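Chains as they are written, first to last, in our numbering: chain A, 1194 to 1394; chain B, 19 to 125.
Written out below as structure tokens is the structure these notes cover.
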Amino acid sequence: MGLILFYTFALSTFLAAIGVVTTRNIVYAALFLLGALTGVAGLFVLLLAEFLALVQLLIYGGAIIIVILFGLMLTRTGEYEAVNEHKRWPFAAIASIALFALLATAIVADDTGADQRRGVDLTTIGTELFEQWAVPFEIASLVLLVALVGAIVIGKAGGPDDPADTTPPAPPRDDLPAPEPRARRVPNRRPPARRPRGARS
Amino acid sequence: MMLIHFQLLAAALFCLGLYGVLARRSAVMVLMAVEIMLNAVNLNLVAYASFRLPPLMDGAPLAQGQVIVVFVITIAAAEVALALAMIMRLYRNRGSINVDEINLLKG
Chain A
1194 MGLILFYTFA LSTFLAAIGV VTTRNIVYAA LFLLGALTGV AGLFVLLLAE FLALVQLLIY
1254 GGAIIIVILF GLMLTRTGEY EAVNEHKRWP FAAIASIALF ALLATAIVAD DTGADQRRGV
1314 DLTTIGTELF EQWAVPFEIA SLVLLVALVG AIVIGKAGGP DDPADTTPPA PPRDDLPAPE
1374 PRARRVPNRR PPARRPRGAR S
Chain B
19 MMLIHFQLLA AALFCLGLYG VLARRSAVMV LMAVEIMLNA VNLNLVAYAS FRLPPLMDGA
79 PLAQGQVIVV FVITIAAAEV ALALAMIMRL YRNRGSINVD EINLLKG
């Protein structure tokens, strides 16, 4: 029974991952990614890690997929149908297959034969997280804060070379010397060609 | 269901993600392939934390594998937010998110 469930989840995850890296439609790729992440959550349940399965569904399925879909929506271009693989994609395929052969050889050669699972209850995880891993936990919260601020700063319109710059210029301050007027690019306006007098057409 | 099954599946997922990173040209597609690679690593960590390995047969249950996975998911969320902000900025400035055309740092 467990093996059937494992093969179901593993096959769905694997096929969805193949769909992510091969489909030509980028929205389908995002939906395949959701399928792959859900399959991984099912595998977490099979590994008796229910808390991580929930976290996986909430954060990946609920947050990351939504953010990726927003990103797709805001960077809509017509080139998605044309932009797919490099011309050199066989090299990428060869590299990944070679890496898989290497990893599979190492895994099979070093097989421990372990087949007994054991769960870790949530109390143990919480105790571990807040006692032994308390400092990394706080640093992770700092990383999230910095990422939030950084994403806003990077993503907002502005900057000298931004064609979509819609932020109004800062109001002048009294305690600073008046800045040089910013050189604006004016369209090269040529004086109208003077017509010789009397030449009428 | 043995540890080796999960290990092989995680290796296959990681290699698929590697192919996606190398072969895709849209930056958002590359980001999705990176997510698949992170999930493969998470799966491997949880599998090692869950199966009883012979030296640890009688020890207390170790939660460290799952704790590390919690951190990996946290960092992945931060990474996605920053990467999508950069992709949007790139799209506004260059009008394209094709990673082949982004060569500003090329010497």
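Ideal Cβ placement from N, Cα and C applies to all residues, glycine included.
Note that the structure is a prediction, hence the values are computed from the model and not measured.
- Of the other Cβ atoms in all chains shown, 16 or more fall within 10 Å of the Cβ of Tyr109(B); this residue is therefore buried.
- Under the Cβ criterion of 9 Å, Thr1201(A) is not counted among the residues facing chain B.
- Contact of Leu1236(A) with chain B is assigned, a C-beta pair being separated by under 9 Å.
- In summary, the residues of the stretch 92-124 of chain B whose CB is separated from some CB of chain A by less than 8 Å are Thr92, Ile93, Ala94, Ala95, Ala96, Glu97, Val98, Ala99, Leu100, Leu102, Ala103, Met104, Ile105, Met106, Arg107, Tyr109, Arg110, Asn111, Gly113, Ser114, Ile115, Asn116 and Asp118, in the order they occur in the chain.
- In the three-state DSSP reduction, Asn1218(A) falls in the coil class, being neither helix nor strand.
- DSSP links Arg110(B) through a beta bridge to no other residue.
- Val1328(A) has a beta carbon lying at 9 Å or more from every beta carbon in chain B.
- If you ignore the 5 residues before and after Gln1325(A), its C-beta comes within less than 8 Å of no other C-beta in its own chain.
- Between the stretch 47-54 of chain B and the stretch 1294-1302 of chain A there are fewer than three inter-stretch CB-CB distances shorter than 8 Å, so the stretches are not counted as touching.
- In this structure Gln1249(A) is buried. Its beta-carbon is surrounded by 16 or more other beta-carbon atoms within 10 angstroms.
- About 6 Å separates the CB atoms of Gly1254(A) and Leu1230(A); that is less than 8 Å, so the two are in contact.
- Below the 7 Å Cβ cutoff, chain B contributes Ser68 and Phe69 as neighbours of Arg1310(A), in chain order.
- Ranked by Cα distance from Ala1344(A), the options Ala94(B), Ala67(B) and Ala103(B) are led by Ala103(B).
- By DSSP's assignment, Asn57(B) forms no beta bridge with any residue.
- Gly1264(A) and Phe1284(A) have their C-alpha atoms some 29 Å from each other.
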